[in-house]
Every structure is written in C-alpha cells, then in structure tokens.
Amino acid sequence: MNYGRELLKGSTDSLLLCLINSQPMYGYQIIKELEVKSNGYFQFKEGTLYPALHRLEKNGLIKGKWQKLPSGQERRYYYITEKGQGALNERLAIWRGFSEAIDLVMLPSA
Amino acid sequence: MNYLEGLKSYLRLDSAVRDDFLRELRGHLEDKIRELRESGVSEEEAKEIATEFLGSPRLLARQIYEVYSQGSWRETLFAVLPHFLTASLFALRWWSNPLWLAIIIVGVIGVVIYGWCHGKPTWLFSWLAYLLIPVVIAGVLLLYLPGGWVWVATLVYVPLAIVILVIVAKQILKIDWLFVSLMLLPVPIVVGWVMVLSMNISFFGTDIMYEAASWIALSFAVLALAVATFIRVRQRWIKVGALLICAIMVLTVVALVSNNALSIWVWLFLSLLALAHLFVPAFLERKMRGKVVSES
Chain A
79 MNYGRELLKG
89 STDSLLLCLI
99 NSQPMYGYQI
109 IKELEVKSNG
119 YFQFKEGTLY
129 PALHRLEKNG
139 LIKGKWQKLP
149 SGQERRYYYI
159 TEKGQGALNE
169 RLAIWRGFSE
179 AIDLVMLPSA
Chain B
22 MNYLEGLKSY
32 LRLDSAVRDD
42 FLRELRGHLE
52 DKIRELRESG
62 VSEEEAKEIA
72 TEFLGSPRLL
82 ARQIYEVYSQ
92 GSWRETLFAV
102 LPHFLTASLF
112 ALRWWSNPLW
122 LAIIIVGVIG
132 VVIYGWCHGK
142 PTWLFSWLAY
152 LLIPVVIAGV
162 LLLYLPGGWV
172 WVATLVYVPL
182 AIVILVIVAK
192 QILKIDWLFV
202 SLMLLPVPIV
212 VGWVMVLSMN
222 ISFFGTDIMY
232 EAASWIALSF
242 AVLALAVATF
252 IRVRQRWIKV
262 GALLICAIMV
272 LTVVALVSNN
282 ALSIWVWLFL
292 SLLALAHLFV
302 PAFLERKMRG
312 KVVSES
C-alpha cells in the first residue's frame, strides 16, 4: 500500500480534530480547508470523510449541530468537545515527540 | 435512481441517524455541484463528478454501518441478560417453580414493551425471541393432541403463528434483516431441545429434564456468548458468523445428548431451520427493499 496514504490514514482523526478545534466546520468546508492549509497536499477522499467524522462523534470527541448558512441552506457543523480537546492535546504531544525522533533518525543533518 | 436513493437502499441504520446522514450528504453534493458549475462544468457532468468523488454508495454504507454497529458494554449486558436468565433457570433447576416463571414472563413482557416504545435498540431483539418461543412450543404441543384434532388445530394454529411472526419480522426487517435472525436464533435451539425431550419421555416429564438441564443451560450460555459477540463486533460478516456458529454448536450439543433418539429427517429439519433463520430474513429484506425502490 502507498506509504503516504498509510501515513494519512493514521493521522486522519488528529487532522480532523485539529481543524475543528480551530473553528466549527461542516464536511465540505473541512475538505476545502484541509486542502488549502496543506497547500494541496492533503486531498481527502470525500466518501471517507463522513464515516471518520461520525466515528469521532460517536466517540464523543466532536458534536454535530445543524445550522443555517447565510444562504438559508442548512449544514451540519461539527464542534469539538471537552473530551475531544483532551484527545487532541494528547495526540499533539505524541506527534511532537514522534516527529522529532523521526527527524533525528532520518534527517540527522537537519 | 440517484446516488442518495441508492445509498439509502444500502444503509442499515437507525432511521434518525440515516436521515441525518443523507441530509448531510445532500448538502455536500449541493456544495460540490455548485463549485463545479462555477468552474464551467455542465449540470449533468457536475452531478456525475460530485457523486464519483463520494465513491461507491455500497462502500460508504458499509463504512458508516461499521461506525454505528458496535453496541456498548451496557447494551451487550442487556442483550445477553434473557439468555443468562434462561441458562440459570435450567442450571438451578428453577423451571418448575411457577413463581420464577411468572416473574420472568412478566419481566420479559415489560422489557420488550419498553424497548419497542424507545426506538427498538439492538438489545431488544434478543428479548423479543422469548415472546415468540411460546408460539413455537404451542406448535410442537399440537402434535400431542388426540387423533383428528391435530389437523384442525394445525389449520388454525399455523396461519396464526405465521401472521404473528410476519407482523413482528416485517417491522424489524425495515431496520435490518440481521436483527430478525438475532430474534429467531433461539427458535431452532428450543425446537431441537423440545424434540429431544419429547422423544425420550412423556412430554416434559421431570427425569430427563433434570438430566438434560445442565446441557440446556450450556446451550443458552453459548447463545448469550454469540449475542455478546454479535453486539460488540462491527463487521457484518462476523455477526452472521457468530449466529451461524452458535446454531451449529448448540445443535451439536443437542445431538450428543439425544443418544440417536432423533431420526435423520428430524436432523435435516433442524439443520434447515438453523439455516432458514439466517437466510430467509436476508432474502425477504432483499425483496422488500427491491419493492420499495421500484415503487419510488
């Protein structure tokens, strides 16, 4: 399997929590925001986003709420919960330690 | 049939969750189509591209099913409780105590009414089976009526039993055929035991019942274990496997205890009953969903 895809798969939940933590968002907005923030590197398979969001919601890390857009259409916005913020902080700490260790081994000159 | 209708036919979720999910995806498709239209793509092409990006509706339905298909430990406890109660009824030789039986029957009816009126949670279906078991036992008892009465009673009983089963099963099939199989799981097991006991003694005499009680208790303990697996795993194929393995294991126990008392035809009937409890609901659901799609 593609190495990049495997890495993304392992980081999906953390990326989603991080984005939703910055501001409440709905599904399509998350896809666009992820694309913009990663300079087009992360291009989410749209169909896989919603099961991931619902899984996070079922685990109590985010909460969905229907809200009206200025156009009058309704979208399901996701908000991070207290439990989600705790999980995100924990993941960020692990990620920092992990990426530093990877850099030390794989990019020693840097 | 458009993408969302196709997806809806594959989704096996609680109706509130399903409607919310479809509404969310409708919004997603609207946004995607609008964006594509703004970049100069035609309406038809935009719709096609937008649904392609969402991927196969069957795969999406499976992924979302796996999110919601795992019950909590509390739900698991609730689902296995009736089987454990039945197992203890036999293990402790309490089945002949009218007080215990009355408490259990009233308790089962109360729990089933509560579950039916509160969104039909997954744990309800293992309780529901115990309301249907008297229907099956009454059918077997008909065989012991004198002479021509068997035919008269059968002509009245069989259609009545089928109507009751069909009404209950039809309601549950709207959610998921696997719940019908879960509900019917004790049926082949109970029928197997009733046949073994009735071939060995005058019906429900105490001696053989006392001898077989530990094995019957074991059967219901296996049933409880299968139900716990069913509730806790996410994948459908493991759920199906848990129900099938349970039926095979219990019928094997019944065979060991029966001492060759049952004929090959009875075993064939029990085996077919065990397979039918799994595959007939699946077949009926397929027919029902096909009918709904063609009508829409």
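In order, the protein sequences belong to chains A and B.
Offset between the first sequence (1-based) and this note's numbering: plus 78.
Offset between the second sequence (1-based) and this note's numbering: plus 21.
C-beta atoms are modelled at their ideal positions from N, C-alpha and C, and glycine is treated no differently.
Here the structure is a predicted model, which means the values were calculated and not measured.
Please report whether the beta-carbon of residue i lies at a distance below 9 Å from any beta-carbon of chain B.
| i | result |
| --- | --- |
| PRO102 (chain A) | no |
| GLY150 (chain A) | no |
| THR90 (chain A) | no |
| GLY125 (chain A) | yes |
| HIS132 (chain A) | yes |
| TYR119 (chain A) | no |
| LYS232 (chain A) | Nothing about residue 232 (chain A) can be reported from this structure: the residues present for chain A run from 79 to 188 only. |
| PRO186 (chain A) | no |
| TYR157 (chain A) | no |
| GLY105 (chain A) | yes |
| GLY82 (chain A) | no |
| GLY142 (chain A) | yes |
How would you call residue i, buried or exposed, if buried means at least 16 neighbouring beta carbons within 10 angstroms?
| i | result |
| --- | --- |
| PHE122 (chain A) | buried |
| PHE42 (chain B) | buried |
| GLU178 (chain A) | exposed |
| TRP7 (chain B) | This structure leaves residue 7 (chain B) out entirely; chain B is present only between 22 and 317. |
| PRO207 (chain B) | buried |
| TRP214 (chain B) | buried |
| LYS260 (chain B) | buried |
| GLY162 (chain A) | buried |
| MET184 (chain A) | exposed |
| ARG191 (chain B) | Residue 191 (chain B) is actually Lys in this sequence, not Arg. Its Cβ having fewer than 16 others within 10 Å, LYS191 (chain B) is exposed. |
| VAL211 (chain B) | buried |
| HIS49 (chain B) | buried |
| ASP52 (chain B) | buried |
Counting only the same chain and skipping the five closest in sequence on each side, list residues whose C-beta sits under 8 Å from that of residue i.
| i | result |
| --- | --- |
| ALA245 (chain B) | VAL101, HIS104, PHE105 and ALA108 |
| MET103 (chain A) | LEU97, GLU111, TYR155 and TYR156 |
| PHE120 (chain A) | LEU86, LEU93, LEU112 and GLU113 |
| GLY27 (chain B) | PRO78 |
Whose C-beta lies closer than 6 Å to the C-beta of residue i among residues of the same chain, with five residues either side of it excluded?
| i | result |
| --- | --- |
| VAL132 (chain B) | TRP148 |
| TYR169 (chain A) | First, the residue type needs correcting, since residue 169 (chain A) is Arg and not Tyr in the sequence shown. So the qualifying residues of the chain are SER92. |
| GLN145 (chain A) | TYR155 |
| TRP116 (chain B) | LEU110 |
So, at 7 Å on beta carbons, what are the nonlocal neighbours of residue i in its own chain, with the 5 sequence-adjacent residues on each side left out?
| i | result |
| --- | --- |
| ALA242 (chain B) | ALA108 |
| PHE300 (chain B) | none |
| ARG255 (chain B) | GLU87, SER90 and GLN91 |
| LEU25 (chain B) | LEU43, LEU46 and ARG47 |
| GLU124 (chain A) | ILE109 |
| VAL275 (chain B) | GLY213, TRP214 and VAL217 |
Starting from residue i, trace the beta strand (DSSP E) both ways and give me its first and last residue.
| i | result |
| --- | --- |
| ILE196 (chain B) | First-last for ILE196 (chain B): undefined, no H or E at that position. |
| GLY142 (chain A) | 140 to 146 |
| ARG154 (chain A) | 152 to 158 |
Which residue comes first and which comes last in the alpha helix (DSSP H) that contains residue i?
| i | result |
| --- | --- |
| ARG255 (chain B) | From DSSP, ARG255 (chain B) is part of no alpha helix (DSSP H); its letter is neither H nor E. |
| ASP41 (chain B) | 36 to 59 |
| GLY140 (chain B) | Counting along the chain, GLY140 (chain B) falls outside any alpha helix (DSSP H), and DSSP gives it neither H nor E. |
| LEU113 (chain B) | Taken as a continuous stretch (DSSP letters only), LEU113 (chain B) belongs to no alpha helix (DSSP H), as it is neither H nor E. |
| TYR81 (chain A) | 81 to 100 |
| ARG83 (chain B) | 78 to 89 |
| PRO129 (chain A) | 124 to 136 |
| GLN107 (chain A) | 105 to 115 |
So is residue i in contact with chain A if we call contact Cβ pairs under 9 Å?
| i | result |
| --- | --- |
| SER36 (chain B) | no |
| GLU26 (chain B) | no |
| GLU87 (chain B) | yes |
| GLU51 (chain B) | yes |
| LEU57 (chain B) | no |
| GLN84 (chain B) | yes |
Is it the case that the segment 213 to 222 of chain B contacts the segment 267 to 283 of chain B, given that we only count it when at least three CB pairs across the two stretches are under 8 Å?
yes
Counting beta carbon pairs with one atom in the segment 125 to 143 of chain A and one in the segment 81 to 93 of chain B, are three or more of them shorter than 8 Å?
yes
Below 8 Å, can you find three or more Cβ-Cβ pairs linking the segment 263 to 277 of chain B to the segment 123 to 141 of chain B?
no
Taking contact to mean at least 3 C-beta pairs separated by less than 8 Å, is the segment 72 to 83 of chain B in contact with the segment 23 to 40 of chain B?
yes
Across the segment 180 to 197 of chain B and the segment 290 to 300 of chain B, are there enough close Cβ pairs to call them in contact, namely three or more that are closer than 8 Å?
no
State whether the segment 107 to 115 of chain A contacts the segment 61 to 70 of chain B, with contact taken as three or more CB pairs (one from each stretch) at a distance under 8 Å.
no
Touching or not, the segment 93 to 108 of chain A and the segment 137 to 153 of chain A, by the rule of three or more beta carbon pairs under 8 Å?
yes
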